[in-house]
Amino acid sequence: MKKLICGILMLGTIAGVYGQKVMSLEECRLLALENNKKLKMADEQINAAKAKKEEAFTKYLPALDAMGTYMRNQKEINLLSEDAHLPVGTIGQDGKWTLGKDQIMIGADGKPVMNNGQYVPKDYALLPKEAMTVDDRNMALLQVGLTQPIYMGGKIRAYNQLAGLSEKLAESGREQELQNIIQETDEAYWQIVSLVNRQKLAVKFVETLQKFEHDIEVMYRTGVSTKADMLSVKVKLNQAEMALLRVEDGLSLARMNLNQICGLAVDSVYTLQEELLNVLPQAEPKWLNIEQVYDNRPEISSLTLATDIYRKKEKIARSAYLPTVAFMANYFAMTPSFFDGISTGFDGMWSVGIGVKAPIFHWGASRKTVRSARAETSLMNFKLQEAREKIELQVSQARLKVKEAARKMEVAEKNQVKADENLKYANLGFQEGTIPVSNVLEAQTAWLAAHTDLIDTQIEMKLCEVYLQKAYGILGKE
Numbered sequence: 000m001k002k003l004i005c006g007i008l009m010l011g012t013i014a015g016v017y018g019q020k021v022m023s024l025e026e027c028r029l030l031a032l033e034n035n036k037k038l039k040m041a042d043e044q045i046n047a048a049k050a051k052k053e054e055a056f057t058k059y060l061p062a063l064d065a066m067g068t069y070m071r072n073q074k075e076i077n078l079l080s081e082d083a084h085l086p087v088g089t090i091g092q093d094g095k096w097t098l099g100k101d102q103i104m105i106g107a108d109g110k111p112v113m114n115n116g117q118y119v120p121k122d123y124a125l126l127p128k129e130a131m132t133v134d135d136r137n138m139a140l141l142q143v144g145l146t147q148p149i150y151m152g153g154k155i156r157a158y159n160q161l162a163g164l165s166e167k168l169a170e171s172g173r174e175q176e177l178q179n180i181i182q183e184t185d186e187a188y189w190q191i192v193s194l195v196n197r198q199k200l201a202v203k204f205v206e207t208l209q210k211f212e213h214d215i216e217v218m219y220r221t222g223v224s225t226k227a228d229m230l231s232v233k234v235k236l237n238q239a240e241m242a243l244l245r246v247e248d249g250l251s252l253a254r255m256n257l258n259q260i261c262g263l264a265v266d267s268v269y270t271l272q273e274e275l276l277n278v279l280p281q282a283e284p285k286w287l288n289i290e291q292v293y294d295n296r297p298e299i300s301s302l303t304l305a306t307d308i309y310r311k312k313e314k315i316a317r318s319a320y321l322p323t324v325a326f327m328a329n330y331f332a333m334t335p336s337f338f339d340g341i342s343t344g345f346d347g348m349w350s351v352g353i354g355v356k357a358p359i360f361h362w363g364a365s366r367k368t369v370r371s372a373r374a375e376t377s378l379m380n381f382k383l384q385e386a387r388e389k390i391e392l393q394v395s396q397a398r399l400k401v402k403e404a405a406r407k408m409e410v411a412e413k414n415q416v417k418a419d420e421n422l423k424y425a426n427l428g429f430q431e432g433t434i435p436v437s438n439v440l441e442a443q444t445a446w447l448a449a450h451t452d453l454i455d456t457q458i459e460m461k462l463c464e465v466y467l468q469k470a471y472g473i474l475g476k477e
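With numbering that gives the first Met the number 0, the residue at position 303 of the sequence shown is 302, and numbering never jumps.
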């Protein structure tokens with residue numbers, strides 16, 4: 000009965016495999032790159048850096064600004080509290096204002112009238128109060144100004160260079176994120192391939208134990224085998240079935256993980272291309288020198304760009320304490336206006352000029368600011384040196400792991416051949432009655448371990464290739 004159920008399950012699995020879509024590693028990578036949120040965020044960072052670069056270029060161009068103001072006041076301005084009477088006099092030969100004889104008031108006694116030692120004028124000019132009233136209840140102001148930088152201490156050029164470096168830094172960050180996504184996808188992909196092969200192996204092992212159990216039961220009924228032998232086989236079969244369940248659960252979780260990475264529905268079911276292969280193809284590893292690795296690694300590119308950015312920040316810090324020169328042109332209009340008397344009309348004027356600003360004394364702030372910027376640049380240099388050392392270590396470790404995996408592969412293949420042969424002779428010996436049940440179970444366990452090691456070693460070889468390409472900085476570029 001157990002054989003029948005297992006056979007039905009196997010037929011269902013095979014039919015499902017052939018009815019499902021087969022996906023390659025490259026297709027999974029493309030799906031992951033299309034749907035990954037971190038990569039989309041990196042794209043937006045590049046767009047933001049490009050916009051800032053374009054904004055920085057506008058600092059070279061003239062800036063045109065306009066400002067307008069309107070105020071409603073409660074009262075108007077009266078320069079006089081009442082009508083004013085101004086004495087009428089004459090400008091003398093010495094250019095001073097004085098009163099002529101005919102402009103002096105004469106009293107009844109025929110003598111000039113004096114007040115506080117001053118002659119009293121005979122005639123007065125009327126200055127009405129309204130003439131000195133300014134109607135400012137409605138005030139409006141308009142100012143349009145144009146500013147063209149001429150020399151800003153090198154700040155504008157440094158800002159433009161910094162913006163260009165920031166764009167490259169964002170692109171380098173995207174490349175780094177892309178390689179991380181590909182590595183994550185490959186790990187999930189090969190984990191599924193490993194578990195699928197483990198599942199096939201576990202199913203085959205269960206079938207072998209089921210057949211062995213049937214043989215032992217027949218032998219027990221005929222008195223050839225003991226009950227202890229039969230129970231030993233049953234315990235081993237239960238352990239194998241439990242191991243199969245664990246593998247199947249792990250496979251379901253691994254498929255969910257890859258679906259999430261690829262942006263697919265969690266319950267999506269498909270077959271991976273390498274699931275159908277009994278032996279995984281192994282590529283010949285490529286060996287690059289360390290300078291080529293430095294050129295390929297996005298981390299080195301990012302830190303180099305970051306160091307250059309801090310050098311530009313040094314220039315910006317220095318430029319803050321250098322003279323600046325700018326051309327200025329303005330048009331200014333207001334109401335009430337005073338250009339041609341006091342008028343409530345809107346009137347204005349234009350002006351042009353050169354503005355110069357030169358710092359004189361700031362208690363050594365410029366030196367301190369530049370010193371701080373230099374320290375940050377030195378810090379980035381040390382980080383770059385540290386990254387180079389770590390990358391060299393990563394490359395050495397990745398190369399060593401590839402070599403170790405190749406040696407493990409040779410040993411695993413030999414062990415598989417020996418385990419197959421050992422199981423073959425154990426079965427023959429059992430049939431001839433020269434080998435006990437325990438030895439057959441040991442041979443079956445050794446066979447399972449050898450085949451499991453071979454699967455693990457093949458997957459390890461694939462992952463070591465991925466890690467080596469990641470260490471070289473060429474993952475996803477081939």
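Glycine included, C-beta positions come from ideal geometry on N, C-alpha and C.
Same chain, Cβ closer than 7 Å to residue i, neighbours up to 5 away in sequence not counted
| i | result |
| --- | --- |
| L230 | none |
| I473 | N295 |
| A386 | E298, I299, L302 |
| I149 | V324, A325, F326 |
| I7 | With a pLDDT of 35 at I7, under the threshold of 50, the modelled position of that residue is not reliable, and no figure is offered here. |
| I341 | V133, P335 |
| T97 | G88, T89, G91 |
| S318 | M151, G152, G153, K154, A157 |
| A48 | S165, E166, A169 |
| E81 | K128 |
Beta-carbon proximity of residue i to residue j, cut-off 8 Å
| i | j | result |
| --- | --- | --- |
| P284 | L467 | yes |
| T57 | M327 | no |
| M151 | N77 | no |
| A316 | A357 | no |
| L287 | D185 | no |
| L271 | M22 | yes |
| I180 | N35 | yes |
| Y482 | S365 | This structure gives no information on residue 482, because the portion of the chain shown stretches from 0 to 477. |
| N239 | L208 | The residue asked about is misnamed: residue 239 is Ala in this sequence, not Asn. A contact, by the Cβ cut-off of 8 Å. |
| K478 | Q178 | Since the displayed the chain opens at 0 and closes at 477, residue 478 lies outside it and no answer follows. |
| L38 | G262 | no |
| I260 | E183 | yes |
| L79 | K128 | yes |
| L422 | A397 | no |
| K20 | Y293 | no |
| N258 | A264 | yes |
Same chain, Cβ closer than 8 Å to residue i, neighbours up to 5 away in sequence not counted
| i | result |
| --- | --- |
| S301 | L168, S171, G172, Q175 |
| S224 | I215, M218, V436 |
| G478 | Residue 478 is absent from the model: the chain starts at 0 and stops at 477. |
| N438 | A425, G428, F429 |
| A404 | T456, E459, M460, C463 |
| A65 | L141, Q142, V143, G144 |
| Y135 | Reading off the sequence shown, one finds Asp at residue 135, where the question assumed Tyr. N72, E75, I76, P335, listed in sequence order. |
Distance between beta carbons of residue j and residue i, contact taken as under 8 Å
| i | j | result |
| --- | --- | --- |
| R197 | V246 | 5 Å |
| E166 | K74 | Contact doesn't hold; Cβ gap of about 58 Å is too wide. |
| L243 | A305 | In fact, because the Cβ distance is near 52 Å, the residues do not count as touching under 8 Å. |
| V195 | L250 | 7 Å |
| N159 | A55 | 5 Å |
| D314 | A157 | Note that residue 314 corresponds to Lys in the displayed sequence, not to Asp. Their Cβ separation, rounded to whole angstroms, is 4 Å, which keeps K314 and A157 in contact under 8 Å. |
| A162 | T68 | Wrong, their Cβ atoms sit about 35 Å apart, outside the cutoff. |
| A445 | A411 | At roughly 13 Å, the Cβ-Cβ gap does not stay under 8 Å, so A445 and A411 are not in contact. |
Sequence-distant residues of its chain with Cβ nearer than 6 Å to residue i (five each side left out)
| i | result |
| --- | --- |
| G18 | Reliability fails at G18, whose pLDDT of 44 lies under 50, so the model's placement of it is uncertain and the value that follows must be treated cautiously. Contacts found: none. |
| D307 | L164 |
| T368 | A316 |
| L447 | F204 |
| G104 | Looking at the sequence provided, one finds Met at residue 104 rather than Gly. Hits under 6 Å: V112, V119, K121. |
| G352 | M327 |
| T12 | Any reading at T12 must be qualified, since the residue scores a pLDDT of 43, below 50, and its modelled position is unreliable; no value is offered. |
| K476 | none |
| M9 | The pLDDT assigned to M9 is 42, lower than 50, so where the model puts this residue is not dependable; a value taken from the coordinates is nonetheless given after this. Nothing listed; no residue qualifies. |
| G354 | A325, M327 |
| N414 | A449 |
| F338 | D346 |
> On the three-pair Cβ rule with 8 Å, is the stretch 390-403 touching the stretch 440-457?
Replying inline: no
> Is there contact between the stretch 333-348 and the stretch 371-383, where contact requires at least three CB pairs shorter than 8 Å?
Replying inline: no
> With a cut-off of 8 Å, do at least 3 Cβ pairs link the stretch 79-89 to the stretch 113-131?
Replying inline: yes
> Considering only residues of the stretch 355-417, which uninterrupted alpha helix (DSSP H) runs meet the minimum length of 4 residues and lie entirely inside it, listed in chain order?
Replying inline: none
> Between the stretch 180-190 and the stretch 453-462, are three or more C-beta pairs nearer than 8 Å?
Replying inline: yes
>> Please give the ranges of any beta strand (DSSP E) in the stretch 43-89, keeping only runs that are unbroken, at least 3 residues long and fully inside the region.
In response: 62-71, 83-86
>> Please give me, in chain order, every unbroken run of the alpha helix (DSSP H) with length at least 4 that falls completely inside the stretch 95-121.
In response: none
> For the stretch 232-291, which segments carrying the beta strand (DSSP E) assignment without a break, of at least 3 residues, lie completely within its bounds, in sequence order?
Replying inline: If we require 3 residues or more, the stretch 232-291 turns out to have no beta strand (DSSP E) run fully inside it.
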